[in-house]
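Scroll down for the structure; my scribbles are underneath it.
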Amino acid sequence: EKKKPVVVVTRKLPDVIETRMMELFDTRLNHDDTPPGVPELIEAVRTADVLVPTVTDRIDARVLAQAGPNLRLIASFGTGVDHIDLKTARQRGITVTNTPGVLTEDTADMTMALLLAVSRRLSEGERLVRSGEWKGWGPTTMLGHRIWGKRLGIIGLGRIGQALAKRAKGFGLSIHYHNRRRVHPEIEGELEATYWESLDQMLARMDIVSINCPHTPATYHLLSARRLQLLRPHCYIVNTSRGEVVDENALTRMLQKGELAGAGLDVFEHEPAINPKLLTLDNVVLLPHMGSATIEGRIDMGEKVIINIKTFADGHAPPDRVLEAMF
Ligand code: 8YV
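For the sequence shown, UniProt numbering begins at 3 and goes up steadily by one.
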């Protein structure tokens, strides 16, 4: 019988997935779910045939330089691959896969939830009730802003951006987007989406901006201090993508000065560290990177990881291979 591949998993995964992986592969699990540090990651790449990292594990050139000769596949548990040095992996002949598609709808739901939470002041309202300070209903208390009839500018109209656009259309928003490439006219037509070739021009005209592009060298601080200044003061920002796409300090300063209406943030530039000033602001909703955090989604992701490993171990091209050229 063929030797089972040694699969090293860096974080705790759903039980059904771990059980299935134990059956199929020579699987080494992380039972206590502590995020591995660099020494543990180096140990993992030295011993594994297949590494299953998550978004918390930086598989950079330094870690990959220590990879053993057996490491042939990095089957990441997640869609974003900005934690993996794809170029070094390719140079070392290591295939990389991710889990696209299965967390699209969940992340789009969370983006809508954040957008409504910040514009209708959900977190603030709940804090008021829980504090015991609520004095009762008043015609001018806790007023937010309606979202219907407003303009939503989506940065990155990929899978998640399109799923968000469908939902936002149902909520009566008009859809605008900026993307590296204009999407197919049929998709544009279905979403009644307006394409802005110039991100700067789009930003200056929106009521709400949502970030739905991946973090790559090209999108690092795409919303720079200069670009943030193009937004009008009544504009809300929502980010369920990656913190690095926004200059968090510049955003925080603008929120403090009232130069923006508010922000709904699920991701941060140096998470889990957060600019402490953000914690003092009422016009922000802050979540601990839970955009795709559903039980169903995590199981779907695990199944994708398993299929990628199995296909690769059987000598075929895995379905979710990631290439540098995709970004
Ligand atoms: C999860 C994510 O945190 O998939 C991504 O890119 O950011 C999140 O949905 C991640 O999948 C866990 O590894």
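Ideal Cβ placement from N, Cα and C applies to all residues, glycine included.
Short Cβ contact (8 Å threshold) for residue 2 with I149: There is simply no residue 2 to check, as the chain begins at 3 and stops at 329 in what is shown.
Best match in R123, K89, T90 for proximity to G266 [C-alpha to C-alpha]: Comparing Cα positions, the closest option is R123.
Distance cut-off 7 Å: S212 Cβ against heavy atoms of the ligand 8YV: Flag unset: Cβ of S212 not near the ligand 8YV.
For A319, three-class secondary structure by DSSP: In the three-state DSSP reduction, A319 falls in the coil class, being neither helix nor strand.
The ligand 8YV heavy atom lying under 7 Å from the CB of H236: Every heavy atom of the ligand 8YV is 7 Å or more from the Cβ of H236, so no.
Integer-rounded CB distance, given that V247 should sit under 8 Å from H217: Contact holds; Cβ gap of about 6 Å.
Nearest to D28 (by Cα), restricted to the options V40, L159, K5: Per the Cα distances, K5.
Rounded straight-line distance, which links the Cα of R169 to that of A295: Taking the straight line from one Cα to the other gives about 19 Å.
Range covered by the beta strand (DSSP E) that runs through V83: No residue range can be given for V83, since it is assigned to no beta strand (DSSP E) and is classified by DSSP as neither H nor E.
Whole-angstrom C-beta distance between I96 and R74, which should lie under 8 Å: Confirmed, about 6 Å.
Range of the contiguous beta strand (DSSP E) that encloses V10: V10 -> beta strand (DSSP E) spans 8-11.
Pocket of the ligand 8YV (residues with CB nearer than 6 Å to any heavy atom), chain order: Taking each Cβ in turn, the ones that pass are T56, V57, F79, G80, T81, G82, L105, H291, G293, S294.
Any 3 or more C-beta pairs closer than 8 Å across the stretch 126-134 and the stretch 102-112: Here the stretch 126-134 does not lie against the stretch 102-112, with fewer than 3 beta-carbon pairs under 8 Å apart.
Secondary structure, beta strand (DSSP E): runs of 3+ residues fully inside the stretch 147-181: Runs of the beta strand (DSSP E) lying entirely within the stretch 147-181, each at least 3 residues long, are 153-157, 176-180 in chain order.
Exposure label - Q231; buried when at least 16 CB within 10 Å: Looking at its Cβ environment, which holds fewer than 16 other Cβ atoms inside 10 Å, Q231 is exposed.
Under the three-state DSSP convention, the category R129 falls into: DSSP, reduced to helix, strand and coil, places R129 within a helical segment of the structure shown.
R30, DSSP secondary structure in three states: Here R30 carries a strand assignment [DSSP, helix/strand/coil].
Cβ shell of H186 (< 7 Å), same chain only, five flanking positions each side left out: Result list for H186: empty, nothing under 7 Å.
Whole-angstrom C-beta distance between M112 and G317, which should lie under 8 Å: Their Cβ separation, rounded to whole angstroms, is 38 Å, which puts G317 and M112 out of contact at 8 Å.
Beta carbon of K259 nearer than 8 Å to that of I210: No, these two residues do not count as a Cβ contact at 8 Å.
H180 beta carbon less than 8 Å from that of residue 339: Any property of residue 339 remains undetermined from this structure, which presents the chain solely from 3 to 329.
Member of P55, V47, D51 whose CA lies at the smallest distance from the CA of G82: Nearest of P55, V47, D51 to G82, Cα basis: P55.
First through last residue of the beta strand (DSSP E) which encompasses A50: First-last for A50: undefined, no H or E at that position.
C-alpha distance - residue 1 paired with L66, whole-angstrom precision: In the structure as shown, the chain starts at 3 and stops at 329, and residue 1 therefore has no counterpart that could be examined.
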